[in-house]
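Number of protein chains: 2
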Amino acid sequence: MTILTGTAQEQKAFTLEDVIPGGSNYFNLVPKNMPGLAWWGDVCIRTDVEEIKSVDTKSGEETTLVTLEEVNKAMAGKMTYKPTAGIKPLRTLMDASMPWGDRKTIVFFNKAENGDDYMVWYDFGKKEIVNMFRLEASQGKSPANIDFCKENGAVAYTVGRDLFVADKGDFSRMINPATMGNAADFESDVVYGQSVHRNEFGITKGTFWSPKGTCLAFYRMDQSMVTDYPQVNTSTRIATLEPDKYPMAGMTSHKVTVGVYNMKTGKTVYLQAGDPTDRYFTNISWSPDEKNIYLIELNRNQNHAQLVRYNAITGEKEAVLYEEEHPKYVEPQHPITFLPWDDTKFIYWSQRDGYHHLYLMDTEKETSPETKKGKDGETTFREYLETVPLTQGDWLVQEILGFNTGEKEIIIGSTEISPLQTNIFSLRAKTGKRTLIGRQDGMHSARLSASGKHIIDNFTSANVAREIYILPTDGGKGVTLLTATDPMKERFDLPEISIGTIKAADGVTDLYYRLIKPTDFDPNKKYPAIIYVYGGPHAQLIHNNRFYDARGWDLYMAQKGYVMLTVDGRGSDNRGLKFENCTFRRLGEEEMKDQMKGVELLKSLPFVDSARIGVHGWSFGGFMTTNLMLTYPDTFKAGVAGGPVIDWKYYEVMYGERYMDTPQTNPEGYKATDLKQKAGNLKGRLEIIIGGTDPTCVPQHTYTFLRSCIDAGTHPDLFIYPEDGHNMIGRDRVHLHEHITRYFDDHLK
Amino acid sequence: MTILTGTAQEQKAFTLEDVIPGGSNYFNLVPKNMPGLAWWGDVCIRTDVEEIKSVDTKSGEETTLVTLEEVNKAMAGKMTYKPTAGIKPLRTLMDASMPWGDRKTIVFFNKAENGDDYMVWYDFGKKEIVNMFRLEASQGKSPANIDFCKENGAVAYTVGRDLFVADKGDFSRMINPATMGNAADFESDVVYGQSVHRNEFGITKGTFWSPKGTCLAFYRMDQSMVTDYPQVNTSTRIATLEPDKYPMAGMTSHKVTVGVYNMKTGKTVYLQAGDPTDRYFTNISWSPDEKNIYLIELNRNQNHAQLVRYNAITGEKEAVLYEEEHPKYVEPQHPITFLPWDDTKFIYWSQRDGYHHLYLMDTEKETSPETKKGKDGETTFREYLETVPLTQGDWLVQEILGFNTGEKEIIIGSTEISPLQTNIFSLRAKTGKRTLIGRQDGMHSARLSASGKHIIDNFTSANVAREIYILPTDGGKGVTLLTATDPMKERFDLPEISIGTIKAADGVTDLYYRLIKPTDFDPNKKYPAIIYVYGGPHAQLIHNNRFYDARGWDLYMAQKGYVMLTVDGRGSDNRGLKFENCTFRRLGEEEMKDQMKGVELLKSLPFVDSARIGVHGWSFGGFMTTNLMLTYPDTFKAGVAGGPVIDWKYYEVMYGERYMDTPQTNPEGYKATDLKQKAGNLKGRLEIIIGGTDPTCVPQHTYTFLRSCIDAGTHPDLFIYPEDGHNMIGRDRVHLHEHITRYFDDHLK
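In order, the protein sequences belong to chains A and B. Take my numbering: the final residue in the first sequence is number 749, and no numbers are missing along the way. Take my numbering: the final residue in the second sequence is number 749, and no numbers are missing along the way.
Now the structure itself:
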């Protein structure tokens, strides 16, 4: 080991400003990236502030296509389309896109002098602005949820509760029925064109253009029957109420319907899905011919999913195509996708065989359905169309990147090589044969070209800071665009990070753990140790990428002399259905048992001081932290729980009831997992930290827990980030980690 | 010193349960008292749960007058008056009163089986219930602000926003205009019959019976123009908004008017005081003949008070009787009082000569007013009636207990003997001659008999746990009813408590301090020290009573090995006008300088560790604590600030503007005293503790301060008592002091 002295040695220690997102030096210490890489048809382009360049897929050579200067020159010159107020110069090309592979056109949004938002099309062949139109704004609210359709050139967007479409000139079309415009609009009880069901079931948006741009499907959500959670903004002259519609577990939920707006007729029809009470309408998709819309419909109990086809013109329900049931829950998260080379077949995602896999359904081959059992042993399903599995095995598909139409291949990301990785494969639709694209190890984030013949492969692993390639999807050799080094490794002595597996509390399942030894590790010393935990569904804290996913704070604490451990226990992501759903109706119980296996590991290490074990986590991890402190009070000396769930009855309907059912149907489960019941057990030092207006784990969790502790005579600590939400970002995130560090230094060091 | 060993020694240490109000053993360690002592005309009575006894004023001998048993027998028997539902047995006589000195009648409130409230009159001569009537309730709201008139036997009370009078049978009269009754009534914007102006200006109630019971004057407060502070109750299924009308400094305030309801005609007239915008109507009183009502009216700037007479029948304004102005503020806190032996003269309270003194004004002798200057050198006043001072001197009158009509004496409490004491005097109206009643030392809390010939004197001092006497007001010898010992002194080794004076930062003024040395004090040790501070107007922390006013927590911390210091600095109570108002427009600045004189004292003590000085205070004391931590960051190592003011612009209009003017007229003062501006100075450990729905120092103070600290990169700590208000009471108060103690043990010990 090289020992540096004096000034040089001081440089070896990094600070939170170096390693926390939001820190003043954070971006200087992240391996280089190329954020502006994208596809223009089959041409790779790289956008930066001043220029858009093409990148040769064989040589990597760059050629300038467009400059910011010429765009601004065109906007300053004579234009066919004139905004009411003068248009401001564009400041960066980074947000411009090139949607049409066959047209030399870039599109971007820009502001006029009066603050109005315009969509602008610039033709870099003609070197002129070829289209420009204004987006509506009202009462100081800006356009949001902007959804551009390259087929018809129109933009769908929302302002407050309203949904608009714009495609030319100064005036947008409002799609929802006009209401009296007033300042309370934003709080209005019915919203159009926005994401629904609290972004569960893979829902991230509220508008869905039809494949040829003829129609716009959109969500309408009536929240008038949902209780308000009274959030308070204290940054105004006098604190103001900012109520948030928050349907709590077991309480009345919102009602969602799906509308279809026809751009030609200007008329809207609603899908005739029946009474929307206690139902989820998820994963909207269109048939290629625009005649049909498909929804995956779910009952409130979330144990019965149906793939349903609607007539997009009349709104009539036409057929149920597939049904899936599970005694615990079914969780559809992906819309169906039609094969581009065969409009009669689409891909359906299911976990019925134990892992997320793809199934090809043939719309022309109806079957008489019978109830079958999935390979997971618990799912039952009914197929109304002939269905063949495209993938199978004890690994899972994570994404469909798109298609190589020429080769009739589906390009996917999956965990086939390791549950700690995403690798990219081409999947031959006919045979199911998969070909690896890119390196075997690490995490691959890819973007597929229009034809599907190339990907841009952004690759990182524990040993590779970052490499970016353009790779042919036939498995051949491509071109390297970037080979980055890790500034952290170059500038600092970093702690030793290792991963391994331990057995879960069930004695069978392998769990991955990540262990970080203190910097300047001395095997003869006794160090305090901190478990950083999440533990809930949909998350996985260990991957084969930079530092095995260890966050800057983990490294920082190791530098300060703490042993850092993370275990991805049962209930967490990317390990299949049973690994996740063993926690059903008793969230936290199995998860804690697995974390205690991590504690066993720590205690087996001669350099860990068993009397000084701490725990930290956020959100579900805050729930776990609090729960571990209360359930194993003699194990943990100190803990910091961020934005914790305390009682699942205060959590929202969609996520909460999936795992816990309702307080009415699972009273024992809710009681057993209600941390207020254990408030009297607190022995160690526990700090709870929340955002003052956390809209996800509402402040009520923490306040009622404090009340229970006070009544039980125990003493948690507390900190609040006023006006922050479920997570602290920017400068607040640095402050937060100073705060957390100080707490462990106070009580664990 | 006696050293006990083993178990016995353990008994010597008291716990927070022993010394904090709300603690399980607190009441066992308070010196005995006789809470049920009162006057029935000139007969002293003592009420306990089971009996009311008379107490002979000469011998102290007790004779039973009424028993609970006979009252309940009468209520169970045949009654002239029958409630709709059965009346419940009375459980205690402690809340019964005997309003009429010439009638053998007790009155009390009691509940019927259905929860209705009844007023009950029991004649213990006839041994029967002689009157009973029901008080209104509505939508689960109980009668409040109950005001009984012994002259007419009626009860005024409020339910929600409404004002009622009841005097017989089942039905009450509603005095305010009827409104649509609904669940939102309580939040309604206009309230009747309740205290107004946020209980400033000595206002504690909203109903005022005329001397013969003919009329009821009442406050009406329109708050529709006042902003809501959005308080949130998190103890409900889903958190609920509980908005509170809170006029903040410089913002729009409520409008108050005074109505007069005539019991005979059932009509209400309102005093024609003109536009109530930005005006305070304080200190309502009646003329003995019921023809006039007097108000002390104050402008919003609070620097100009007028005593105004109104015609109680027509509501017309008749005359201004007295005016007082001060460049800082005038603060009327006492209504005028007519002499019982001379209806033409009344007593007015003023600080115009530098201290609260009494002035006798003659209604029959009008004068042509000229502007004069008070002896304080700053007050100007105009007398419209001939006025003679009744008291003068560099001490102040604290209360008028009543009158000895036979001797034409006023019975007062004052600080004449010491600013640390309240002593009782008879004051001869004609000559101003004062005669001390009771012992020279200590604090005296007295109740005067109907004729004014006797007081019940409840006496405590640093050396006397409690003594209760009946004393003749002629200064003669009375009878001792109680000589209590102090269980704390008997059972525990207590720390040494001493008082003394130091010079204020002005170099002139004497300030009182209280110093507590650690139990088992060793002069060769170095102890940490904590300053317990309030520092604001209207409060004084040191008196010549039990432990010199030291609270249980102070003793507890001394027992744990802390030196405890309190200094009543300039700005605090009972030292006169200039002592208080030197803080004008810059609250905290002079007050801190005086606390730093206390720090000097601590540093001069060889047994104090100057590196370990802490500070703690609540409310204004929380403001002082935070301010001291930020202004003298190298002096204070740790502080705990409870319910602090952070920025006076978040405080309410009445109290805040008196001392600070408005943010518009005193922007420099508001900025200079805004602790957010100093958030970056924090070096020591500062914990802020608030009640989650503090209606006095609203949570916005603390949240905005946290935000400023986060932005400035400093690290305060925080704790919140959900659903608690400005102070923690009961069990929460014990928990609070465990919490505060732990914080100092963590960071100062």
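All residues carry an ideal CB built from backbone N, CA and C; glycine is no exception.
Start and end residues, alpha helix (DSSP H) containing residue i
{"i": "residue 710(A)", "result": "700-712"}
{"i": "residue 746(B)", "result": "731-747"}
{"i": "residue 686(A)", "result": "No alpha helix (DSSP H) holds residue 686(A); the beta strand (DSSP E) holding it covers 685-691."}
{"i": "residue 593(B)", "result": "589-604"}
{"i": "residue 384(B)", "result": "Element bounds for residue 384(B): n/a, residue is neither H nor E."}
{"i": "residue 559(B)", "result": "552-559"}
Beta carbon proximity, residue i to chain A, threshold 8 Å
{"i": "residue 721(B)", "result": "yes"}
{"i": "residue 184(B)", "result": "In this predicted model, residue 184(B) has a pLDDT of only 45, less than 50, meaning its place in the structure is not dependable enough to derive any value."}
{"i": "residue 735(B)", "result": "yes"}
{"i": "residue 187(B)", "result": "Confidence at residue 187(B) is low in this model, with a pLDDT of 47, below 50, so the placement of that residue should be treated as unreliable; the coordinate-derived value is given next. No, because no Cβ of chain A sits closer than 8 Å to the Cβ of residue 187(B)."}
{"i": "residue 692(B)", "result": "yes"}
{"i": "residue 229(B)", "result": "yes"}
{"i": "residue 225(B)", "result": "no"}
{"i": "residue 444(B)", "result": "no"}
{"i": "residue 356(B)", "result": "no"}
Beta-carbon proximity list for residue i, same chain, < 6 Å, skipping 5 on both sides
{"i": "residue 702(B)", "result": "688, 690"}
{"i": "residue 294(B)", "result": "285, 309, 336"}
{"i": "residue 457(B)", "result": "438, 444, 446, 469, 471"}
{"i": "residue 296(A)", "result": "282, 283, 305, 307, 332"}
{"i": "residue 42(B)", "result": "449, 450, 451"}
{"i": "residue 494(A)", "result": "none"}
{"i": "residue 55(B)", "result": "44, 46, 62"}
Counterpart residues of residue i in DSSP-defined beta bridges
{"i": "residue 247(A)", "result": "None; residue 247(A) has no bridge partner."}
{"i": "residue 470(A)", "result": "456(A), 479(A)"}
{"i": "residue 663(A)", "result": "Bridge partners of residue 663(A): none, in fact."}
Residue range of the beta strand (DSSP E) that includes residue i
{"i": "residue 362(A)", "result": "357-366"}
{"i": "residue 209(A)", "result": "207-209"}
{"i": "residue 126(B)", "result": "Careful: residue 126(B) lies outside any beta strand (DSSP E) and carries neither H nor E."}
{"i": "residue 529(A)", "result": "527-533"}
{"i": "residue 219(B)", "result": "215-222"}
{"i": "residue 325(B)", "result": "317-325"}
{"i": "residue 627(A)", "result": "Not the beta strand (DSSP E): residue 627(A) falls in the alpha helix (DSSP H), residues 620-631."}
Neighbour flag for residue i against chain B, beta carbons, 8 Å
{"i": "residue 239(A)", "result": "yes"}
{"i": "residue 198(A)", "result": "no"}
{"i": "residue 232(A)", "result": "yes"}
{"i": "residue 15(A)", "result": "no"}
{"i": "residue 746(A)", "result": "yes"}
{"i": "residue 253(A)", "result": "no"}
Neighbourhood of residue i by C-beta, 8 Å cutoff - its chain only, sequence neighbours within 5 removed
{"i": "residue 202(A)", "result": "282, 283, 332, 333, 334, 335"}
{"i": "residue 573(A)", "result": "537, 538, 539, 540, 580"}
Minimum Cβ-Cβ distance from residue i to chain C less than 8 Å
{"i": "residue 42(A)", "result": "Among the protein chains of the structure shown, namely A and B, there is no chain C."}
Close beta carbons around residue i, own chain, < 7 Å, minus the five adjacent residues each side
{"i": "residue 650(A)", "result": "248, 698, 700, 701"}
Select from the region 699-719 of chain A all residues with a C-beta closer than 8 Å to any C-beta belonging to chain B, and list them in chain order. Under the 8 Å Cβ criterion, the region 699-719 of chain A contributes 699, 700, 703, 704, 706, 707, 710, 711, 713, 715, 717, 718, 719.
Proximal residues, the region 261-276 of chain B versus chain A, C-beta separation under 7 Å: If you check each beta-carbon in the region 261-276 of chain B against every beta-carbon of chain A, none falls closer than 7 Å.
By the 7 Å beta-carbon criterion, what residues does the region 665-676 of chain A contribute toward chain B? none
Chain B contacts from the region 584-601 of chain A (Cβ-Cβ distance under 7 Å): none
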